[in-house]
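Protein chains: 2
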Amino acid sequence: MSNTATRILVGVIGIPLFIFLIYKGGIYFLCLSLILSSIALWEFYLMFKKEKYFPLIMIPIAVSAIIIVGNYLNDGFAITFLPLAAILIFSSEIFRKEKKNPLNSLIVIGGLVYITVPFVMLNKIISHQSFNYIIFIFVLIWTCDTMAFFGGKFFGKHKLSEISPKKTWEGSIAGFLFTIIAALIVYYFYSNEISLKDALCIGIMAGIFSQVGDLFESLIKRKLGVKDSSNIIPGHGGVLDRFDSLIFVTPLIFLYLEFSKFFIYNFRV
Amino acid sequence: MSNTATRILVGVIGIPLFIFLIYKGGIYFLCLSLILSSIALWEFYLMFKKEKYFPLIMIPIAVSAIIIVGNYLNDGFAITFLPLAAILIFSSEIFRKEKKNPLNSLIVIGGLVYITVPFVMLNKIISHQSFNYIIFIFVLIWTCDTMAFFGGKFFGKHKLSEISPKKTWEGSIAGFLFTIIAALIVYYFYSNEISLKDALCIGIMAGIFSQVGDLFESLIKRKLGVKDSSNIIPGHGGVLDRFDSLIFVTPLIFLYLEFSKFFIYNFRV
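Protein chains in written order, with this note's numbering: chain A, 34 to 302; chain B, 34 to 302.
See the structure below:
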């Protein structure tokens, strides 16, 4: 089967399954999060291992799972456990028989901040917001990604960054503009569920930072000399390649929603 | 003036000043925290810069100050702001003109976790616990450090770790045992302020992790080929050299105190 056919087949099965698990939410999405975050962390640490670093792999994946499940069961667990995990990760470095390097522990902690924290937040968003709200976020990220691709393909002239030689300013601007348009369309149909302010703010964040997240992951791959984070999804590369934008945008949207709640709580009630 | 004389003179002025600022607490200790954490971060980042990494320096120091002051003014600020800061630090890496490297951003975030978070917690401990309680923690760390030194000097035979060639198992065990003894002595005199359980638990944590923290900082210096983190304190080396144990033990003690409160709150009240 050709690569494109595999890619389409996986998309046809994978995307509906993904949306179904979000729809079911709760423990279903928790299980999906555990699988995705564990693979993404494994990819992240393994990329550094191909260079000359030796981060622990299985222990931080276990720590990450504890943080995600713990916070699902008891809100606030992640905040309590992360500093403790950091101290234990720093400590474990000095007890290694060989390849001791403080950078290993910084890579391990970086992976938890970059991958685990967004998944904790994603579970929290999914348990607090309506299904439509979550789909709204995904639609924005997918719109941005797709339109940046087609915008670049049809109008691309000026190179965006040496990190990703194929990306252009034209594509990036198209991605941003269509994300805002997508946000406005969603607002038009769901104005009873989302305010214009929320739609626009989340649209702007998604339009900018899903692209930045993509570039950041490309920078990691480029620096470490890898093409895909792994080949685990047939035709699609690695989990990190597929979810680089989502994990980057999630903390911003989470904080935006928390902050809005904070303001409502403090100034309106 | 000889190095030893300078060292003693700085100690005679520095330690009482330090204790005085803890006694005053509040904004006095906040200012001290800002100075110490900024210098420690500057030392931390500069050590990596001497190698071949190029972490941002001034921006994370500013971020760190915002986190410490923000959390002083509004409890919980650090938790909200840190993930946002992480996303912005990752983002800033892709916009640098040169020397782009994801490891730079992992070093920057590592510094905030290693240095800023403990100072945030230290301010919280100081505003919630009595002066005697704080001094108790410092006494334990100083006892451990001093007794490990003398224990090693008089009985040292078996090398502890290749990270610090001068340290011995005998010294390490002496440090641990005298820390427990110090905790029991403090309990004897202040049993109205601290329970035996708290004294013992904090004693055990300080006796082990102040030594681990010391070794972890030595590992950083050894790997990056530096002798002292800086020469900013005449005769004493850098701030990080002086506070490596404290910043390592603080999160553990903080979480222990929070957790005890949690238990008291949930099971006794």
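Using N, Cα and C, we set each Cβ at its ideal position, and we do this for glycine too.
At the 8 Å Cβ level, is residue i part of the contact set with chain A, yes or no?
{"i": "Asn-338 of chain B", "result": "The question about residue 338 of chain B has no answer here: the residues shown for chain B are numbered 34 through 302."}
{"i": "Glu-126 of chain B", "result": "yes"}
{"i": "Phe-249 of chain B", "result": "yes"}
{"i": "Leu-288 of chain B", "result": "yes"}
{"i": "Val-302 of chain B", "result": "A caution first: Val-302 of chain B carries a pLDDT of 38, below 50, which makes its placement in the model unreliable, though a value can still be read off. Chain A contact via Cβ: absent."}
{"i": "Thr-212 of chain B", "result": "no"}
{"i": "Lys-276 of chain B", "result": "For clarity, residue 276 of chain B is Phe in the given sequence; the question names Lys instead. No, its Cβ sits nowhere closer than 8 Å to a Cβ of chain A."}
{"i": "Phe-171 of chain B", "result": "no"}
{"i": "Gly-143 of chain B", "result": "yes"}
{"i": "Leu-136 of chain B", "result": "yes"}
Note down the Cα distance separating residue i from residue j, rounded to an integer number of angstroms.
{"i": "Ser-138 of chain A", "j": "Asp-178 of chain A", "result": "32 Å"}
{"i": "Lys-254 of chain A", "j": "Ser-263 of chain A", "result": "10 Å"}
{"i": "Phe-300 of chain A", "j": "His-269 of chain B", "result": "Here Phe-300 of chain A scores only 49 on pLDDT, less than 50, and its place in the model should not be relied on; the value that follows carries that caveat. Cα-Cα distance, rounded: 50 Å."}
{"i": "Asp-274 of chain B", "j": "Leu-65 of chain B", "result": "17 Å"}
{"i": "Val-45 of chain B", "j": "Val-150 of chain A", "result": "45 Å"}
{"i": "Ile-55 of chain B", "j": "Tyr-105 of chain B", "result": "15 Å"}
{"i": "Asp-108 of chain B", "j": "Glu-291 of chain B", "result": "14 Å"}
{"i": "Phe-87 of chain A", "j": "Trp-75 of chain A", "result": "12 Å"}
{"i": "Tyr-223 of chain B", "j": "Phe-281 of chain B", "result": "25 Å"}
{"i": "Val-302 of chain A", "j": "Leu-233 of chain B", "result": "Residue confidence is low: Val-302 of chain A scores 38 on pLDDT, short of 50, so the model does not pin down where it sits. No coordinate-derived value is stated."}
{"i": "Lys-57 of chain A", "j": "Leu-63 of chain A", "result": "10 Å"}
{"i": "Ser-205 of chain A", "j": "Ala-181 of chain A", "result": "5 Å"}
{"i": "Tyr-61 of chain A", "j": "Leu-67 of chain A", "result": "10 Å"}
{"i": "Ala-118 of chain B", "j": "Leu-217 of chain B", "result": "42 Å"}
{"i": "Val-219 of chain A", "j": "Arg-40 of chain A", "result": "28 Å"}
{"i": "Leu-42 of chain A", "j": "Ile-265 of chain A", "result": "15 Å"}
{"i": "Phe-162 of chain A", "j": "Asp-231 of chain A", "result": "A small fix is needed here, since residue 162 of chain A is Gln in this sequence, not Phe. For Gln-162 of chain A and Asp-231 of chain A, the distance between alpha carbons rounds to 13 Å."}
{"i": "Lys-192 of chain B", "j": "Glu-203 of chain B", "result": "9 Å"}
{"i": "Asp-247 of chain A", "j": "Lys-83 of chain A", "result": "21 Å"}
{"i": "Lys-190 of chain A", "j": "Ser-97 of chain A", "result": "42 Å"}
{"i": "Ile-213 of chain A", "j": "Leu-89 of chain A", "result": "41 Å"}
{"i": "Lys-200 of chain B", "j": "Ala-207 of chain B", "result": "12 Å"}
{"i": "Asn-225 of chain B", "j": "Phe-53 of chain B", "result": "23 Å"}
{"i": "Ser-35 of chain B", "j": "Ser-71 of chain B", "result": "29 Å"}
{"i": "Leu-115 of chain A", "j": "Asn-134 of chain B", "result": "25 Å"}
Residue i CB to nearest chain B CB: under 8 Å?
{"i": "Lys-85 of chain A", "result": "no"}
{"i": "Phe-152 of chain A", "result": "no"}
{"i": "Ala-88 of chain A", "result": "Looking at the sequence provided, one finds Pro at residue 88 of chain A rather than Ala. So, not an interface residue."}
{"i": "Pro-116 of chain A", "result": "yes"}
{"i": "Phe-140 of chain A", "result": "It is Ile, not Phe, that sits at residue 140 of chain A in the sequence shown. Cβ-Cβ to chain B under 8 Å: yes for Ile-140 of chain A."}
{"i": "Gly-103 of chain A", "result": "no"}
{"i": "Thr-149 of chain A", "result": "no"}
{"i": "Thr-113 of chain A", "result": "yes"}
{"i": "Glu-310 of chain A", "result": "Past the edges of chain A, shown from 34 to 302, lies residue 310 of chain A, and the structure says nothing about it."}
{"i": "Pro-284 of chain A", "result": "yes"}
List, in order along the chain, the chain A residues whose C-beta lies closer than 7 Å to that of residue i?
{"i": "Ser-66 of chain B", "result": "The contacting residues do not exist; Ser-66 of chain B stays about 16 Å from chain A at best."}
{"i": "Ser-119 of chain B", "result": "A quick correction: the sequence has Ala, not Ser, at residue 119 of chain B. Result: Val-146."}
{"i": "Leu-273 of chain B", "result": "Simply none; closest approach about 12 Å."}
Anything in chain B within Cβ reach of residue i, meaning under 8 Å, just list it in chain order.
{"i": "Lys-133 of chain A", "result": "Ile-196, Leu-252 and Lys-256"}
{"i": "Pro-93 of chain A", "result": "Here the premise fails: no neighbours, minimum Cβ distance about 13 Å."}
Output yes or no for whether 8 Å exceeds the beta carbon distance between residue i and residue j.
{"i": "Ile-159 of chain B", "j": "Ala-239 of chain B", "result": "no"}
{"i": "Thr-37 of chain A", "j": "Leu-155 of chain A", "result": "no"}
{"i": "Ile-196 of chain A", "j": "Ile-127 of chain B", "result": "yes"}
{"i": "Ala-73 of chain A", "j": "Phe-276 of chain A", "result": "yes"}
{"i": "Leu-257 of chain A", "j": "Phe-81 of chain A", "result": "yes"}
{"i": "Phe-152 of chain B", "j": "Ile-101 of chain B", "result": "yes"}
{"i": "Ser-243 of chain A", "j": "Ser-194 of chain A", "result": "no"}
{"i": "Ile-227 of chain B", "j": "Tyr-289 of chain B", "result": "no"}
{"i": "Val-272 of chain B", "j": "Leu-69 of chain B", "result": "yes"}
{"i": "Gly-143 of chain A", "j": "Gly-143 of chain B", "result": "yes"}
{"i": "Leu-145 of chain B", "j": "Pro-198 of chain B", "result": "no"}
{"i": "Ile-235 of chain B", "j": "Ile-286 of chain B", "result": "yes"}
{"i": "Leu-136 of chain B", "j": "Leu-136 of chain A", "result": "yes"}
{"i": "Ile-148 of chain B", "j": "Phe-77 of chain B", "result": "yes"}
Using the beta-carbon of each residue, which ones in chain B are nearer than 7 Å to residue i?
{"i": "Phe-281 of chain A", "result": "Ile-120"}
Mind pulling the chain B residues with CB within less than 9 Å of residue i?
{"i": "Val-245 of chain A", "result": "Ile-120, Phe-123, Ser-124, Ile-127 and Phe-128"}
{"i": "Glu-291 of chain A", "result": "Thr-113"}
(message) So, does the stretch 114-127 of chain B touch the stretch 177-191 of chain A, judging by three or more C-beta pairs under 8 Å?
(response) Result no; under three Cβ-Cβ pairs closer than 8 Å.
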